[in-house]
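First residue of the sequence shown: 671, per the working numbering; consecutive thereafter.
Virtual Cβ for every residue (Gly too), placed ideally from N, Cα, C.
The structure displayed is predicted, hence computed values, not measured ones.
First up is the structure itself, then whatever we jot down about it.
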Amino acid sequence: MRAVLLDSSVYIAALRSGNEKALSWRRSFEASLWLSSVVLEELYAGSTSRDQFVIERVERDFDRVGRILVPTLNDWILTGKVLARLAHKYDYELVGRSRMTNDALIAMSAARKGIVVLTANPRDFARLAEFRPFRWQTWSG
671 MRAVLLDSSV YIAALRSGNE KALSWRRSFE ASLWLSSVVL EELYAGSTSR DQFVIERVER
731 DFDRVGRILV PTLNDWILTG KVLARLAHKY DYELVGRSRM TNDALIAMSA ARKGIVVLTA
791 NPRDFARLAE FRPFRWQTWS G
């Protein structure tokens with residue numbers, strides 16, 4: 671069974687559609703499903719009061735099974751290095767780099783654990799993978 675982590679973009683699509691059952695993929699997913707603490711932060715930061723109850727349930731469920739992935743110091747360091755290389759290659763200004771910090775943290779920590787990232791945002795993850803190989807796939811819903 672492979673390990674999989676859903677990017678914020680996948681959770682946000684489920685929340686916007688009102689499909690709370692989609693947030694219970696852990697029951698029907700044919701993989702070991704993980705939650706990134708970075709994704710959790712993004713979900714809380716963009717949540718409505720209605721969404722917070724759902725997000726709290728997701729957090730509790732993943733915490734119970736010990737599958738919340740937290741970036742290490744080395745993940746932070748690799749994130750900075752990758753973002754610097756990406757900025758140089760693609761001429762990203764400071765805003766472009768800071769916008770990708772969370773995606774880079776998700777990618778670096780997932781790479782460390784060999785976890786596949788599923789995302790509805792393939793452009794940024796494809797660029798990050800140029801500088802630090804990790805497994806990712808586009809979420810097709």
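Given a cut-off of 9 angstroms, decide if residue j and residue i are closer than it, judged by their beta-carbon atoms.
i: residue 716; j: residue 682; result: yes
i: residue 702; j: residue 684; result: no
i: residue 705; j: residue 676; result: yes
i: residue 741; j: residue 770; result: no
i: residue 797; j: residue 780; result: no
Along the chain, where does the beta strand (DSSP E) containing residue i start, and where does it finish?
i: residue 789; result: 786-789
i: residue 808; result: 806-808
Whole-angstrom Cβ separation of residue i and residue j, contact assumed at under 8 angstroms?
i: residue 761; j: residue 794; result: That pair is no contact at about 16 angstroms.
i: residue 678; j: residue 712; result: 4 angstroms
Can you have a look at residue i and say buried or exposed, based on whether 16 or more other CB atoms are within 10 angstroms of its CB?
i: residue 697; result: Per-residue confidence for residue 697 stands at a pLDDT of 49, beneath the threshold of 50, marking its modelled position as unreliable; the derived number appears in the next sentence. That one is exposed.
i: residue 733; result: exposed
i: residue 765; result: At residue 765 the pLDDT is 48, less than 50, meaning the model places this residue with poor confidence and gives no usable figure here.
i: residue 718; result: exposed
i: residue 743; result: exposed
Consider the Cβ of residue i: report whether some Cβ of chain D lies at a distance smaller than 9 angstroms.
i: residue 717; result: The structure shown contains no chain D; it is built from a single protein chain.
Kindly indicate the opening and closing residues of the alpha helix (DSSP H) around residue i.
i: residue 752; result: 743-760
i: residue 680; result: 678-687
i: residue 719; result: 719-734
i: residue 812; result: The structure shown does not extend to residue 812, since the chain is modelled only from 671 to 811, so the question has no answer here.
i: residue 778; result: 771-783
Return the residue from the list the options that minimises the CA-CA distance to residue i.
i: residue 776; options: 753, 723 and 730; result: 753
i: residue 725; options: 739, 710 and 738; result: 710
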